[in-house]
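**Student:** Questions regarding the structure given below will be posed in turn.
Number of protein chains: 2
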Amino acid sequence: MGENKQEEGIDKSNIRFYKAFESLSLERMEEVWKHSDNVVCVHPGWDLFTGWMSIYESWATIFRETERIQFHITNTKIRALENMAIVICLENITTIVNENKIRMGVVATNIFECQPTQKESGWLMIHHHGSAMSNYMLPNTTNHDN
Amino acid sequence: MGENKQEEGIDKSNIRFYKAFESLSLERMEEVWKHSDNVVCVHPGWDLFTGWMSIYESWATIFRETERIQFHITNTKIRALENMAIVICLENITTIVNENKIRMGVVATNIFECQPTQKESGWLMIHHHGSAMSNYMLPNTTNHDN
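Protein sequence lines correspond, in order, to chains S and R. Position 103 (the first sequence) corresponds to 103 in our numbering; numbering is contiguous. Position 17 (the second sequence) corresponds to 163 in our numbering; numbering is contiguous.
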């Protein structure tokens, strides 16, 4: 597989994660992640979750408490290895909490593992680390990359 | 190299990073990192820095503004690949800012790349992502792992 083709697949998996998040559907989030004991998730401001079972519970909590959330992903950087890919991106988030519209920026490190036996789902998430930016500024929407 | 021996080397490199941070010495921090254009660093609450030059500048700023900082590293998890290692750990931090002692918890994703030609410095940091925990509780110091 060419380098560009591989990066395209990784980028698609990264976007699939945010689409699952936007959908607030646990079934869709389930399809994105590897269901293993050593996957890792850090939500902004939270402690670390390890293992799919506790990560699944954390998404259930977040989805229950979220009315609506939208992501505009920018500044994506991909480092592709043979079976693993490290993605860095900026999550420009618009969310509604208690009827208030909130805009925030989160920097994310997302790591995916290649699943050679699963043609459909190709790269599965094994690590998500998000951290809120305190000095966040809205992106210039006339010059975005996603 | 055995798996345990490899993990030991990675853990040592991770600790070396925090010792460099405690020393507030740019020379020591320089020895820890790979000096490449695509290394990545996210300090808690900050935007993303890419490339060694801008990461170096960010450490210069942090070191200039820090009087003293101490790390007690716990909950270390290592995922070792052939040439790369992903480390997750909890930074239990005691720092002095404007003569006030502050205790905080930061979850870190640290990624190291193996440098086969450099026996001494073995694993070099290529990615550091730290995020402050809002619900941080001090560790039980009678039951710590570092």
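C-beta: ideal position from N, C-alpha, C; glycine also.
Within a Cβ cutoff of 8 Å, which residues of the same chain sit near S/TRP59, ignoring the five residues on either side of it in sequence?
**Tutor:** For the purposes of this step, residue 59 of chain S is taken as the residue at position 59 of the first sequence. Result list for S/TRP59: LEU26, MET29, in chain order.
**Student:** Can you tell which of R/LYS151, R/ILE219, R/GLY197, R/GLN261 has the C-alpha that lies nearest to the C-alpha of R/VAL252?
**Tutor:** Position 106 of the second sequence holds residue 252 of chain R. Nearest of R/LYS151, R/ILE219, R/GLY197, R/GLN261 to R/VAL252, Cα basis: R/ILE219.
**Student:** Taking only three categories from DSSP, how would you classify R/SER171?
**Tutor:** Stepping through the second sequence from its first residue, residue 171 of chain R is reached at position 25. It is coil, neither helix nor strand.
**Student:** Which partner residues does S/TRP59 have in the DSSP bridge list?
**Tutor:** Taking the first sequence and counting its residues from 1, the one referred to as residue 59 of chain S is at position 59. Per DSSP, none; premise fails for S/TRP59.
**Student:** For the segment 194 to 202 of chain R against the segment 223 to 230 of chain R, do three or more pairs of beta-carbon atoms, one drawn from each stretch, fall closer than 8 Å, so that the two count as touching?
**Tutor:** Too few Cβ pairs lie closer than 8 Å, so no.
**Student:** How about R/HIS181 and R/ILE208: do their beta carbons lie closer than 8 Å?
**Tutor:** Counting from one through the second sequence, the residue named residue 181 of chain R turns up at place 35. Counting from one through the second sequence, the residue named residue 208 of chain R turns up at place 62. Cβ atoms of R/HIS181 and R/ILE208: not closer than 8 Å.
**Student:** Quick check: what's the CA-CA separation for R/SER277 versus R/GLU245?
**Tutor:** Taking the first residue of the second sequence as 1, we reach residue 277 of chain R at position 131. Taking the first residue of the second sequence as 1, we reach residue 245 of chain R at position 99. Cα to Cα, the separation comes out at about 23 Å.
**Student:** Using a beta-carbon distance below 8 Å, is R/LYS165 in contact with chain S?
**Tutor:** Taking the second sequence and counting its residues from 1, the one referred to as residue 165 of chain R is at position 19. No, because no Cβ of chain S sits closer than 8 Å to the Cβ of R/LYS165.
**Student:** Please return the same chain residues whose Cβ sits closer than 7 Å to the Cβ of R/ASN289, not counting the five positions on each side in sequence.
**Tutor:** Counting from one through the second sequence, the residue named residue 289 of chain R turns up at place 143. Because the pLDDT of R/ASN289 is 45, which lies under 50, any placement of that residue in the model is unreliable, and the question is left without a value.
**Student:** Using only CA atoms, which one of S/GLU31, S/THR66, S/TYR136, S/VAL97 lies nearest to S/LEU90?
**Tutor:** Within the first sequence, the letter at position 90 stands for residue 90 of chain S. Checked all of S/GLU31, S/THR66, S/TYR136, S/VAL97; the closest Cα to S/LEU90 is S/TYR136.
**Student:** Could you spell out where the beta strand (DSSP E) holding S/MET133 opens and where it closes?
**Tutor:** The residue given as residue 133 of chain S occupies position 133 in the first sequence. Counting along the chain, S/MET133 falls outside any beta strand (DSSP E), and DSSP gives it neither H nor E.
**Student:** Would R/ILE242 be called buried (16 or more neighbouring beta carbons within 10 Å of its own) or exposed?
**Tutor:** The residue labelled residue 242 of chain R in the question sits at position 96 within the second sequence. Classification of R/ILE242: exposed, given that the 10 Å Cβ count is below 16.
**Student:** Just to check, is the beta-carbon of S/PHE21 closer than 7 Å to a non-hydrogen atom of the ligand NAP?
**Tutor:** This structure lacks the ligand NAP; in fact it carries no ligand of any kind.
**Student:** How would you list, in chain order, the residues of chain R whose beta-carbon sits under 9 Å from the beta-carbon of S/TRP46?
**Tutor:** The residue you call residue 46 of chain S lines up with position 46 of the first sequence. By Cβ distance, chain R contributes VAL253, SER277, MET279, SER280, ASN281.
**Student:** Rounded to whole angstroms, what is the Cα-Cα separation between R/ASP183 and R/ILE272?
**Tutor:** In the second sequence, residue 183 of chain R corresponds to position 37, counting from 1. In the second sequence, residue 272 of chain R corresponds to position 126, counting from 1. The alpha-carbon atoms of R/ASP183 and R/ILE272 are separated by roughly 10 Å.
**Student:** What in chain S is Cβ-close to R/LEU227, meaning under 7 Å?
**Tutor:** Translated into the one-based positions of the second sequence, residue 227 of chain R becomes position 81. What R/LEU227 touches in chain S: MET84.
**Student:** Just to make sure I have the definition right: I need the residues of chain S whose C-beta is within less than 8 Å of the C-beta of R/ILE257. Which are they?
**Tutor:** As a position in the second sequence, residue 257 of chain R is number 111, starting the count at 1. Within 8 Å Cβ-Cβ: ILE86.
**Student:** Let's see if you can read the secondary structure: which residues bound the beta strand (DSSP E) around R/GLN216?
**Tutor:** Position 70 of the second sequence, counting from 1, holds the residue named residue 216 of chain R. First-last of the beta strand (DSSP E) with R/GLN216: 214 to 226.
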